[in-house]
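So the structure is just underneath, and the comments pick up after that.
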Ligand SMILES: [Zn+2]
């Protein structure tokens with residue numbers, strides 16, 4: 001049915017194109033087709049699931065003040081992200097109505113929680129489907145997704161959502177999705193949807209741009225001016241996130257190659273999914289998707305070119321970034337401090353719960369001074385401090401962090417003075433609504449305790465909670481690559497050290513040690529022997 005619809009639209013747009021030069025200006029029928037009133041439903045359901053964490057992500061984690069959101073609240077939910085770009089460009093077109101369908105925003109735990117329960121998925125998806133039916137018909141649907149959502153007993157949650165949306169909107173409507181390059185995708189999503197646009201860079205700079213593209217191409221498709229055809233390739237390469245920095249070759253080279261294809265061929269879009277190894281999924285690993293305007297041969301050709309290039313560069317993709325063991329990294333930080341190569345960033349890339357204390361332990365053991373530790377997550381301790389009415393100047397004597405699971409390590413005894421009480425740092429930059437506590441201890445150190453995992457990506461963010469990062473010589477954070485946005489790309493940090501614990505815990509670069517059930521590491525480079533491609 002899709003094929004029939006698309007070939008009819010293709011013929012229609014060809015005939016319009018043929019008419020236009022003859023008429024010398026836009027024919028009335030062409031004019032009508034570019035301004036015909038259309039209705040687009042807008043949905044959002046995004047999560048990067050670390051399926052090895054021992055606690056599930058529930059309906060409650062997605063339910064808080066402001067989430068779920070619908071109507072204008074949904075459409076304005078991330079003005080600098082996919083949604084912002086989508087809404088901006090959609091509203092530049094005449095006669096386009098956007099309908100914000102009730103959708104959950106991000107989990108309050110960020111990505112620091114495990115499998116989404118089937119109940120939570122069903123809860124939100126069944127409401128979306130019911131509302132689509134009630135508010136339809138629609139000419140198009142925009143799905144703001146991630147791609148590495150892990151739901152218990154649902155193999156491919158994003159493709160499944162697209163399938164159910166397709167059932168409601170029918171074969172004539174067009175469906176577009178936006179994705180994170182950490183998505184674990186195969187060809188299934190585009191079996192039910194028509195268009196996909198994936199962020200290219202890591203740090204993820206171009207969410208807004210991909211949202212803009214999604215709107216423009218969805219509207220062009222609906223109005224018969226674009227006929228999406230796609231090709232998908234999955235070279236068997238599995239990498240931990242910390243190695244995927246696109247500021248470094250050959251990751252940078254693959255992004256550049258995708259950009260060159262988009263530059264030299266009009267109406268071509270190249271999606272490069274690095275994949276997300278900490279989600280145990282049947283469709284994990286690297287993926288390339290290419291979308292063309294009614295040219296399947298070109299899509300196949302570019303997809304092969306991208307996948308074959310990645311395969312050729314596989315060794316450098318895997319071994320290009322140095323990661324230190326915790327004790328070694330902290331010793332190097334101490335030396336850099338003595339040598340004046342400050343500020344220093346110590347990035348624990350492997351902590352997936354936020355509660356890990358391995359880096360804090362080494363800071364204490366090696367007597368590192370003037371270090372800002374942001375953060376160690378401890379929901380229970382934050383609750384205790386809230387009940388006690390914690391305030392600046394209080395003596396602090398508590399066990400902090402650890403214990404959530406074996407990867408978090410042991411709690412650490414901290415004795416010091418409360419110097420900072422705040423609502424925490426938020427992505428919007430206006431401070432958060434959580435309780436965060438900053439404790440001064442040791443020689444000029446500050447430990448920030450938050451209820452959940454927090455990934456600090458830029459020193460400027462500390463201003464939200466009244467801390468000046470320039471007061472410290474080292475900043476110890478929980479981030480893999482995103483911190484390069486504010487610490488590396490602008491030259492802020494003079495020393496950058498990526499660290500992880502000795503043991504191959506759930507965020508490790510030693511993926512072969514993870515207890516995968518659905519993914520077989522032996523089918524991927526560099527873990528399996530004799531893995532070949534194509
Ligand atoms: Zn990502």
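Residue numbers (my numbering): 1 to 534. Glycine is no exception: its CB is placed at the ideal position from the N, C-alpha and C atoms.
Where does residue i sit, in a helix, a strand or coil, going by DSSP?
i, result
"residue 490", "coil"
"residue 145", "coil"
"residue 121", "helix"
"residue 377", "strand"
"residue 245", "coil"
"residue 545", "There is simply no residue 545 to check, as the chain begins at 1 and stops at 534 in what is shown."
"residue 320", "coil"
"residue 82", "helix"
"residue 446", "strand"
"residue 468", "coil"
"residue 542", "Examination of residue 542 is not possible in this model, given that the chain is present from 1 through 534 alone."
"residue 188", "coil"
"residue 563", "Given a span of 1 to 534 for the chain in the structure shown, any question on residue 563 remains unanswerable."
"residue 240", "coil"
"residue 280", "coil"
"residue 516", "coil"
"residue 315", "helix"
"residue 126", "helix"
"residue 97", "strand"
"residue 221", "helix"
"residue 502", "coil"
"residue 441", "strand"
"residue 166", "helix"
"residue 103", "strand"
"residue 525", "strand"
"residue 39", "strand"
What are the partner residues of residue i, as DSSP defines its beta bridges?
i, result
"residue 413", "399"
"residue 436", "422"
"residue 228", "293"
"residue 44", "144"
"residue 197", "178"
"residue 271", "289"
"residue 350", "Partner(s): none; residue 350 has no beta bridge."
"residue 476", "346 and 373"
"residue 154", "151"
"residue 497", "346"
"residue 325", "500"
"residue 57", "116"
Compute the Euclidean distance between the alpha carbons of residue i and residue j, then round it to the nearest angstrom.
i, j, result
"residue 59", "residue 375", "25 Å"
"residue 4", "residue 143", "Legend: pLDDT at residue 4 = 43, less than 50; position of this residue unreliable, value from coordinates given subsequently. Whole-angstrom Cα-Cα distance: 24 Å."
"residue 525", "residue 251", "16 Å"
"residue 93", "residue 77", "21 Å"
"residue 472", "residue 440", "12 Å"
"residue 53", "residue 352", "8 Å"
"residue 6", "residue 220", "Because the pLDDT of residue 6 is 45, which lies under 50, any placement of that residue in the model is unreliable, and the number read from its coordinates should be weighed accordingly. Cα-Cα distance, rounded: 13 Å."
"residue 182", "residue 357", "26 Å"
"residue 126", "residue 424", "34 Å"
"residue 117", "residue 455", "24 Å"
"residue 268", "residue 214", "13 Å"
"residue 119", "residue 153", "10 Å"
"residue 63", "residue 149", "17 Å"
"residue 55", "residue 113", "6 Å"
"residue 72", "residue 415", "47 Å"
"residue 207", "residue 227", "23 Å"
"residue 479", "residue 248", "17 Å"
"residue 371", "residue 333", "10 Å"
"residue 203", "residue 349", "14 Å"
"residue 68", "residue 448", "29 Å"
"residue 401", "residue 373", "12 Å"
Our contact map puts residue i next to residue j with C-beta atoms below 8 Å; I'd like the distance itself, whole angstroms only.
i, j, result
"residue 41", "residue 132", "6 Å"
"residue 50", "residue 278", "5 Å"
"residue 83", "residue 102", "Wrong, their Cβ atoms sit about 14 Å apart, outside the cutoff."
Check whether the Cβ of residue i sits closer than 7 Å to any heavy atom of ligand 2, and report yes or no.
i, result
"residue 201", "This structure lacks ligand 2; its bound ligands are ligand 1."
Measuring from each Cβ to the nearest heavy atom of ligand 1, keep the ones under 5 Å and list them in chain order. Here the list is 180 and 182.
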